[in-house]
Amino acid sequence: MTQESQTLYIPMGVKPEAEWFPGFGKQQLGKAFIGSLLTVLLALLLWLINGSVPMALVTFLTGVSASVMMTTKDRNNLSVLDQVRFMVRFAKSQKVYPYRTLPEWPWQEEQL
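Per this note's numbering, the sequence shown starts with residue 9, numbered consecutively.
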(Lines of atoms letter the chains of each structure in order from A; the text may use other names.)
(Lines give C-alpha, C1' and ligand atoms only; values in the text may rest on other atoms or scores of the structure.)
Protein backbone atom coordinates (compact mmCIF):
# COMPACT_ATOMS: atom_id res chain seq x y z
CA MET A 9 0.00 0.00 0.00
CA THR A 10 1.34 3.34 -0.96
CA GLN A 11 0.27 6.44 0.79
CA GLU A 12 0.27 9.63 -1.15
CA SER A 13 0.88 12.75 0.85
CA GLN A 14 -1.41 15.51 -0.12
CA THR A 15 -0.41 19.04 0.64
CA LEU A 16 -2.75 21.95 0.72
CA TYR A 17 -1.49 25.14 -0.86
CA ILE A 18 -3.18 28.34 0.31
CA PRO A 19 -1.89 31.35 -1.60
CA MET A 20 -1.24 34.54 0.31
CA GLY A 21 -3.33 37.62 -0.27
CA VAL A 22 -6.45 35.85 -1.50
CA LYS A 23 -9.57 37.70 -0.42
CA PRO A 24 -13.10 36.27 -0.38
CA GLU A 25 -14.69 39.26 -2.10
CA ALA A 26 -14.06 40.81 -5.48
CA GLU A 27 -12.26 44.15 -5.42
CA TRP A 28 -12.15 46.94 -7.98
CA PHE A 29 -8.67 47.95 -6.89
CA PRO A 30 -6.53 46.49 -4.07
CA GLY A 31 -8.37 46.90 -0.78
CA PHE A 32 -11.55 48.46 -2.16
CA GLY A 33 -14.62 46.33 -2.87
CA LYS A 34 -18.40 46.49 -2.50
CA GLN A 35 -18.37 46.80 1.29
CA GLN A 36 -15.90 49.68 1.19
CA LEU A 37 -17.91 51.36 -1.57
CA GLY A 38 -20.97 51.48 0.69
CA LYS A 39 -18.99 53.03 3.55
CA ALA A 40 -17.35 55.54 1.21
CA PHE A 41 -20.77 56.44 -0.23
CA ILE A 42 -22.11 57.19 3.26
CA GLY A 43 -19.04 59.33 3.97
CA SER A 44 -19.54 61.13 0.67
CA LEU A 45 -23.17 61.89 1.52
CA LEU A 46 -22.09 63.40 4.82
CA THR A 47 -19.52 65.46 2.93
CA VAL A 48 -22.21 66.71 0.53
CA LEU A 49 -24.26 67.88 3.51
CA LEU A 50 -21.23 69.64 4.99
CA ALA A 51 -20.42 71.30 1.65
CA LEU A 52 -24.02 72.47 1.25
CA LEU A 53 -23.97 73.87 4.77
CA LEU A 54 -20.75 75.77 4.06
CA TRP A 55 -22.17 77.08 0.80
CA LEU A 56 -25.35 78.31 2.52
CA ILE A 57 -23.39 80.00 5.33
CA ASN A 58 -20.53 81.53 3.33
CA GLY A 59 -21.94 81.61 -0.19
CA SER A 60 -18.55 80.50 -1.49
CA VAL A 61 -18.80 77.91 -4.26
CA PRO A 62 -15.04 77.17 -4.46
CA MET A 63 -14.88 76.49 -0.72
CA ALA A 64 -17.87 74.12 -0.91
CA LEU A 65 -16.41 72.38 -3.96
CA VAL A 66 -13.01 71.88 -2.32
CA THR A 67 -14.74 70.56 0.82
CA PHE A 68 -16.77 68.11 -1.25
CA LEU A 69 -13.81 66.82 -3.27
CA THR A 70 -11.61 66.53 -0.19
CA GLY A 71 -14.31 64.68 1.71
CA VAL A 72 -14.97 62.19 -1.09
CA SER A 73 -11.28 61.38 -1.51
CA ALA A 74 -10.79 61.15 2.28
CA SER A 75 -13.73 58.75 2.64
CA VAL A 76 -12.30 56.50 -0.08
CA MET A 77 -8.84 56.58 1.50
CA MET A 78 -10.20 55.90 5.00
CA THR A 79 -12.16 52.82 3.89
CA THR A 80 -9.49 51.25 1.65
CA LYS A 81 -7.89 48.24 3.35
CA ASP A 82 -4.13 47.66 3.39
CA ARG A 83 -2.12 44.43 3.14
CA ASN A 84 -3.08 43.49 6.70
CA ASN A 85 -6.79 43.82 5.83
CA LEU A 86 -7.24 46.91 8.05
CA SER A 87 -8.48 50.33 7.08
CA VAL A 88 -8.14 53.65 8.87
CA LEU A 89 -11.82 53.44 9.80
CA ASP A 90 -11.27 49.98 11.33
CA GLN A 91 -8.30 51.26 13.34
CA VAL A 92 -10.32 54.21 14.70
CA ARG A 93 -13.16 51.83 15.59
CA PHE A 94 -10.71 49.56 17.46
CA MET A 95 -9.20 52.53 19.34
CA VAL A 96 -12.66 53.75 20.43
CA ARG A 97 -13.62 50.26 21.58
CA PHE A 98 -10.36 50.00 23.56
CA ALA A 99 -10.94 53.42 25.14
CA LYS A 100 -14.39 52.28 26.31
CA SER A 101 -13.15 48.96 27.67
CA GLN A 102 -12.36 48.20 31.30
CA LYS A 103 -8.76 48.95 32.22
CA VAL A 104 -8.78 48.56 36.02
CA TYR A 105 -9.18 45.04 37.30
CA PRO A 106 -9.67 45.13 41.06
CA TYR A 107 -8.98 41.83 42.70
CA ARG A 108 -8.56 40.43 46.15
CA THR A 109 -5.79 38.03 47.02
CA LEU A 110 -6.61 34.92 48.92
CA PRO A 111 -4.11 32.89 50.92
CA GLU A 112 -2.69 30.39 48.49
CA TRP A 113 -1.12 28.09 51.06
CA PRO A 114 -3.14 28.45 54.29
CA TRP A 115 -1.25 25.69 56.14
CA GLN A 116 2.05 27.58 55.76
CA GLU A 117 0.62 30.66 57.49
CA GLU A 118 -0.33 28.59 60.53
CA GLN A 119 3.28 27.46 61.03
CA LEU A 120 4.63 31.01 61.11
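By construction, the Cβ of each residue, glycine as well, lies at the ideal position given by its N, Cα and C atoms.
C-beta atoms of GLY43 and SER75 nearer than 8 Å:
Taking the sequence shown and counting its residues from 1, one reaches residue 43 at position 35. Taking the sequence shown and counting its residues from 1, one reaches residue 75 at position 67. In contact: GLY43 and SER75 (Cβ atoms closer than 8 Å).
Quick one: what's got a C-beta closer than 6 Å to LEU53's C-beta in the same chain, skipping five residues either side?
Locating residue 53 in the sequence shown gives position 45, where the first residue counts as 1. Once the five neighbours on either side are set aside, LEU53 has no close Cβ partner at all.
Where the beta strand (DSSP E) through TRP113 begins and ends
Here the question's residue 113 lines up with position 105 in the sequence shown. Segment: none, TRP113 is in no beta strand (DSSP E) and carries neither H nor E.
Please say whether THR47 and GLY31 have beta carbons closer to each other than 8 Å?
Within the sequence shown, the letter at position 23 stands for residue 31. Within the sequence shown, the letter at position 39 stands for residue 47. No.
Under a Cβ-count criterion, where at least 16 other Cβ atoms within 10 Å of its own Cβ denotes burial, should ALA64 be classed as buried or exposed?
Numbered from its first residue, the sequence shown carries residue 64 at position 56. Burial call: buried.
With C-beta atoms as the reference, is PHE29 less than 8 Å away from ALA51?
Here residue 29 refers to the residue found at position 21 when the sequence shown is read from its first residue. Here residue 51 refers to the residue found at position 43 when the sequence shown is read from its first residue. Going by C-beta atoms, PHE29 is not nearer than 8 Å to ALA51.
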